[in-house]
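Since the structure comes first, as structure tokens, the remarks are kept for the end.
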Amino acid sequence: MRILNAILAFVFILFAYWQFNDPDALTWVILYSAVAGISLVAAFREVDTRVIIFFLMLFFIYAASYSLYLIEWVQLGMPSIAEEMKANTPYIERTREFFGLLLCLLVVIYHYFSQKKIKYYAEETIQ
């Protein structure tokens, strides 16, 4: 699990780095760096469950706020979001952001359940 957590930390540091040319870079650098930080800490020790739950709620609420953009993208027939963003295609950026938030949410969910698993095995070995 240490190697996986280190890989996740590295990947999310790269995600944060790639956001520097984005108009709303600060938001995304902070969000991706937070996931990288959680993954890095998890590679070496247990992460406080309250921190994980805070980020679970944050990413869930933030992703939910993008759900209308995702619905619009689906209603448009799920056109490519790999194209360059233009004024007449705002769904591209919002859909990308939704999937970025979904990735963050999935990684934090992974950390939540891996923490639970670690605690369960620790309790089993004590008894």
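So in our numbering, spot 87 of the sequence shown is number 88, and the numbers just go up one at a time. Yeah, the Cβ is synthetic: ideal placement off N, Cα and C, and Gly gets one too.
Using only alpha-carbon positions, find the residue among M2, E94, A37, A44 that is nearest to Y67. E94
L106, buried or exposed, once every other Cβ within 10 Å from all chains shown has been counted against 16: buried
Exposure of S81, with buried meaning 16 or more beta-carbon neighbours within 10 Å: exposed
When DSSP labels each residue in this structure, what does L103 get in the three-state scheme? helix
8 Å contact criterion, which E47 and Q116 should meet: CB distance rounded: 6 Å
Identity of the residue in V108, V109, A65, A83 nearest R97 by Cα: A83
Within a Cβ cutoff of 6 Å, which residues of the same chain sit near A44, ignoring the five residues on either side of it in sequence? R3, N6, A7
Starting from S66, trace the alpha helix (DSSP H) in both directions and tell me its first and last residue. 50-66
Cβ distance (whole Å) where A37 is taken to contact A10 below 8 Å: 5 Å
Return the residue from the list I54, A26, Y63 that minimises the CA-CA distance to Y113. I54
Which two residues bound the contiguous alpha helix (DSSP H) that contains W29? 26-45
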